[in-house]
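What follows is a set of notes on a single structure, which appears directly below.
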Amino acid sequence: MAKTVSIPALWVCSLAVLLGGGCDRDQQAIRTYQIPKQQLGAGATTLPDAAALSEPAASQQRPPLHASAGGAGTLRWDVPEGWQAIAAGQMRVAAYQVSPQHPEVVLTVIPLGPEAGELLANVNRWEGQIGLPPSKPQDLPRVVKRIEVAGKAVDLIDLSGPENANPRLGLLAAIVPHEGRVWFFKLAGPMQLVAAQREKFEALIRSIRVDVDEAAPPAEAAPGELPPGHPPIGGAAPSTAAGAAQLPPGHPPIAALAAASDIRYSLPQGWVKDDPRPLRHVSFTVPGPDGQTAEMIVSKLEAAGAGTYLDNINRWRGQVGLPPIKQGDPQPVEQLTVGGADAARYDLVGPNRRMLVAVVAKGPDLWFFRFSGPTTLIDEHEAAFDRFLSSVQFVTDPPSQSPSRDPDQH
Numbered sequence: 185m186a187k188t189v190s191i192p193a194l195w196v197c198s199l200a201v202l203l204g205g206g207c208d209r210d211q212q213a214i215r216t217y218q219i220p221k222q223q224l225g226a227g228a229t230t231l232p233d234a235a236a237l238s239e240p241a242a243s244q245q246r247p248p249l250h251a252s253a254g255g256a257g258t259l260r261w262d263v264p265e266g267w268q269a270i271a272a273g274q275m276r277v278a279a280y281q282v283s284p285q286h287p288e289v290v291l292t293v294i295p296l297g298p299e300a301g302e303l304l305a306n307v308n309r310w311e312g313q314i315g316l317p318p319s320k321p322q323d324l325p326r327v328v329k330r331i332e333v334a335g336k337a338v339d340l341i342d343l344s345g346p347e348n349a350n351p352r353l354g355l356l357a358a359i360v361p362h363e364g365r366v367w368f369f370k371l372a373g374p375m376q377l378v379a380a381q382r383e384k385f386e387a388l389i390r391s392i393r394v395d396v397d398e399a400a401p402p403a404e405a406a407p408g409e410l411p412p413g414h415p416p417i418g419g420a421a422p423s424t425a426a427g428a429a430q431l432p433p434g435h436p437p438i439a440a441l442a443a444a445s446d447i448r449y450s451l452p453q454g455w456v457k458d459d460p461r462p463l464r465h466v467s468f469t470v471p472g473p474d475g476q477t478a479e480m481i482v483s484k485l486e487a488a489g490a491g492t493y494l495d496n497i498n499r500w501r502g503q504v505g506l507p508p509i510k511q512g513d514p515q516p517v518e519q520l521t522v523g524g525a526d527a528a529r530y531d532l533v534g535p536n537r538r539m540l541v542a543v544v545a546k547g548p549d550l551w552f553f554r555f556s557g558p559t560t561l562i563d564e565h566e567a568a569f570d571r572f573l574s575s576v577q578f579v580t581d582p583p584s585q586s587p588s589r590d591p592d593q594h
């Protein structure tokens with residue numbers, strides 16, 4: 185039976201550390217940062233680390249925000265002439281006013297986990313924001329251009345609202361994958377103003393590069409509240425409170441706490457494994473009647489970059505046509521075990537679509553098992569989804585090579 189729990193302020197409080205702040209402001213918002221004037225204009229800009237607004241001098245700044253825990257590389261880009269950097273805040277790591285006459289029109293930069301990277305879902309959401317009907321998969325080439333930037337496949341989205349709309353709106357966006365996350369660059373506003381910034385927007389995107397820097401020491405995150413029954417986040421050791429077991433020094437980590445590099449599973453009948461795709465560990469297509477399909481996506485992300493609890497829940501709710509919820513609203517969650525690790529299972533049912541999500545804490549990582557599609561098709565395959573979860577085994581070492589393998593095993 186599912187339990188009703190209260191939504192916490194944060195799902196993964198360490199996201200705030202990733203963006204350079206702590207879990208302050210009631211553990212809900214990331215601190216803001218004003219990019220120094222020395223970085224404005226056409227010069228190269230480094231992602232800010234969400235330091236306080238009171239730190240104006242470049243010599244006083246902390247190291248720039250790295251796109252992944254451990255500091256594999258820093259994203260940098262050139263700011264177009266005439267664009268003004270402003271305080272970011274919330275989930276934004278950078279923001280720019282593109283016109284002094286229209287300060288409300290702002291380009292935003294937001295990094296999210298790989299679950300947010302679905303091209304069609306993002307395009308459809310943005311189309312709805314400017315009054316357009318949703319595109320179908322075969323229509324994407326009309327509004328999406330794929331380019332290569334810094335060795336990465338980047339999608340540029342260019343949307344124009346209905347001509348008879350008043351006001352008519354436009355939207356430019358870029359989806360940039362980097363170090364297991366998805367970076368969203370987005371500019372929306374009056375059509376004429378957005379169209380005038382099209383060349384500058386694309387120039388900024390094409391200027392993106394990755395600089396390898398020395399990793400900054402990881403910051404400590406304050407513990408975020410999680411729903412009852414939700415697995416613990418991150419690779420923390422077992423509790424050492426009175427009465428709790430403690431591993432002796434040098435003892436190898438227990439299976440539930442060890443990081444996993446892969447999974448093994450039993451493939452349900454009728455499920456078709458997809459070709460490898462960016463930002464997915466593995467995915468499957470589940471065909472149904474009348475051309476309907478459901479999709480099962482398995483992804484892995486460091487807990488520090490998994491996003492907030494509400495961000496994930498509300499994104500999933502939006503994908504099935506449900507309204508967002510706020511902190512304190514109930515959301516059913518079921519506790520279970522997947523591959524010997526604690527997990528939480530969510531069931532989101534919209535007007536026509538349904539999504540089953542299992543979130544598994546494995547060492548410092550979160551594994552997401554997301555099964556979505558038409559409600560009737562998900563209903564039909566719900567038992568298969570649960571059997572799939574029951575069959576999952578986490579691989580903590582590279583799997584050994586064998587001469588043969590059961591075709592239903594990965």
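Every number in this note's numbering is 184 more than the matching position in the sequence shown, counting from 1. By construction, the Cβ of each residue, glycine as well, lies at the ideal position given by its N, Cα and C atoms.
Residue range of the beta strand (DSSP E) that includes residue 291: Residue numbering aside, residue 291 sits at position 107 when the sequence shown is read from its first letter. Here the beta strand (DSSP E) through residue 291 covers 290-296.
Span separating the alpha-carbon of residue 277 from that of residue 462: Counted from its first residue, the sequence shown places residue 277 at position 93. Counted from its first residue, the sequence shown places residue 462 at position 278. Taking the straight line from one Cα to the other gives about 23 Å.
Backbone CA spacing between residue 327 and residue 346 [nearest angstrom]: Translated into positions along the sequence shown, residue 327 becomes position 143. Translated into positions along the sequence shown, residue 346 becomes position 162. Taking the straight line joining both Cα atoms gives about 14 Å.
Start-to-end residues for the beta strand (DSSP E) that takes in residue 484: Taking the sequence shown and counting its residues from 1, the one referred to as residue 484 is at position 300. Note, residue 484: beta strand (DSSP E), 477-486.
Per-residue DSSP class, three states only, for residue 560: Your numbering for residue 560 matches position 376 in the sequence shown. In the three-state DSSP reduction, residue 560 falls in the helix class (H, G or I).
Residue 574 - DSSP class collapsed to helix/strand/coil: If you number the sequence shown from 1, residue 574 lands on position 390. Note: residue 574 maps to helix in three-state DSSP.
CB of residue 260 within 8 Å of CB of residue 393, strictly: Residue 260 sits at position 76 when you count from the first residue of the sequence shown. Residue 393 sits at position 209 when you count from the first residue of the sequence shown. Against a cut-off of 8 Å, the Cβ pair of residue 393 and residue 260 comes out as a contact.
Contacts around residue 386, its chain only, beta-carbon distance under 6 Å, and the 5 residues preceding and following it disregarded: Stepping through the sequence shown from its first residue, residue 386 is reached at position 202. Cβ within range, chain order: n/a, list empty.
Cut-off 8 Å between Cβ atoms - residues of its own chain near residue 330, not counting five sequence neighbours on either side: For this step, residue 330 is matched to residue 146 along the sequence shown. Once the five neighbours on either side are set aside, the close Cβ partners of residue 330 are 337, 338, 339 and 340.
With 16 other Cβ atoms within 10 Å as the buried cut-off, status of residue 474: One-based indexing of the sequence shown puts residue 474 at position 290. Counting Cβ neighbours within 10 Å, residue 474 comes out exposed, since fewer than 16 surround it.
Residue 278 - DSSP class collapsed to helix/strand/coil: On the sequence shown, position 94 is the one that residue 278 refers to. DSSP places residue 278 in strand when its eight states are reduced to three.
C-beta atoms of residue 478 and residue 557 nearer than 8 Å: One-based indexing of the sequence shown puts residue 478 at position 294. One-based indexing of the sequence shown puts residue 557 at position 373. Yes, Cβ-Cβ distance for residue 478 and residue 557 is below 8 Å.
Nearest candidate by alpha-carbon position, reference residue 361, set 344, 334 and 371: Counted from its first residue, the sequence shown places residue 361 at position 177. For the residues 344, 334 and 371, the minimum Cα distance to residue 361 belongs to 334.
Straight-line Cα distance separating residue 498 from residue 491: Position 307 of the sequence shown, counted from the first residue, corresponds to residue 491. Position 314 of the sequence shown, counted from the first residue, corresponds to residue 498. Approximately 11 Å between the Cα atoms of the pair.
Element boundaries [beta strand (DSSP E), containing residue 367]: Your numbering for residue 367 matches position 183 in the sequence shown. From DSSP, the beta strand (DSSP E) with residue 367 extends over 365-374.
Cutoff 6 Å; reference residue 565; Cβ partners in own chain excluding five residues on either side: What you label residue 565 is simply residue 381 of the sequence shown in a count that begins at 1. The answer, listed in chain order, is 470.
Neighbourhood of residue 561 by C-beta distance below 6 Å, restricted to the same chain and skipping five residues each side: The residue labelled residue 561 in the question sits at position 377 within the sequence shown. Same-chain partners within the cutoff: 472, 476 and 478.
Closest by C-alpha distance to residue 376, when choosing among 527, 332, 283 and 464: If you number the sequence shown from 1, residue 376 lands on position 192. Selected option, being the one with the closest Cα: 283.
Spatial neighbours of residue 367 in its chain, beta-carbon cut-off 6 Å, leaving aside the 5 residues before and after: Position 183 of the sequence shown, counted from the first residue, corresponds to residue 367. Hits under 6 Å: 295 and 360.
8 Å contact criterion, which residue 573 and residue 522 should meet: CB distance rounded: As a position in the sequence shown, residue 573 is number 389, starting the count at 1. As a position in the sequence shown, residue 522 is number 338, starting the count at 1. Confirmed, Cβ separation roughly 5 Å.
Residue 455 versus residue 445 - alpha carbon distance: Counting from one through the sequence shown, the residue named residue 455 turns up at place 271. Counting from one through the sequence shown, the residue named residue 445 turns up at place 261. Residue 455 and residue 445: Cα-Cα distance of roughly 23 Å.
DSSP three-state assignment for residue 513, whether helix, strand or coil: Looking up residue 513 in the sequence shown gives position 329. Reduced to three states, the DSSP call for residue 513 is coil.
Secondary structure of residue 381, DSSP reduced to three states: Along the sequence shown, read from residue 1 onward, the residue named residue 381 stands at position 197. Annotated three-state conformation of residue 381 is coil, per DSSP.
CB contact flag (residue 579, residue 390, <8 Å): Locating residue 579 in the sequence shown gives position 395, counting from the first residue. Locating residue 390 in the sequence shown gives position 206, counting from the first residue. No, Cβ-Cβ distance for residue 579 and residue 390 is not below 8 Å.
Bridge-paired residues (DSSP) for residue 506: Locating residue 506 in the sequence shown gives position 322, counting from the first residue. Looking at the DSSP assignment, residue 506 forms no beta bridge with any residue, so it has no partner.
Rounded separation between residue 305 and residue 265 - CA only: Locating residue 305 in the sequence shown gives position 121, where the first residue counts as 1. Locating residue 265 in the sequence shown gives position 81, where the first residue counts as 1. Each residue's alpha carbon lies about 32 Å from the other.
For residue 309, the first and last residue of its enclosing alpha helix (DSSP H): On the sequence shown, residue 309 is found 125 positions in, with the first residue counted as 1. Looking at the DSSP string, the run of the alpha helix (DSSP H) that includes residue 309 is 303-313.
Residue 449 in three-state terms, based on DSSP: Start at 1 with the first residue of the sequence shown, and residue 449 comes out as number 265. Of the three classes helix, strand and coil, the one that applies to residue 449 here is coil, per DSSP.
In chain order, each alpha helix (DSSP H) run of at least 4 residues that lies wholly inside the stretch 513-553: none
Which of helix, strand or coil DSSP assigns to residue 463: Stepping through the sequence shown from its first residue, residue 463 is reached at position 279. Residue 463 falls in the coil class under three-state DSSP.
Beta-carbon proximity of residue 555 to residue 539, cut-off 8 Å: Here residue 555 is taken as the residue at index 371 of the sequence shown, counted from 1. Here residue 539 is taken as the residue at index 355 of the sequence shown, counted from 1. Closer than 8 Å, so yes.
Buried/exposed call for residue 297, threshold 16 Cβ in 10 Å: For this step, residue 297 is matched to residue 113 along the sequence shown. Label assigned to residue 297: buried.
Same chain, Cβ closer than 7 Å to residue 458, neighbours up to 5 away in sequence not counted: For the purposes of this step, residue 458 is taken as residue 274 along the sequence shown, with counting starting at 1. The answer, listed in chain order, is 467, 468 and 469.
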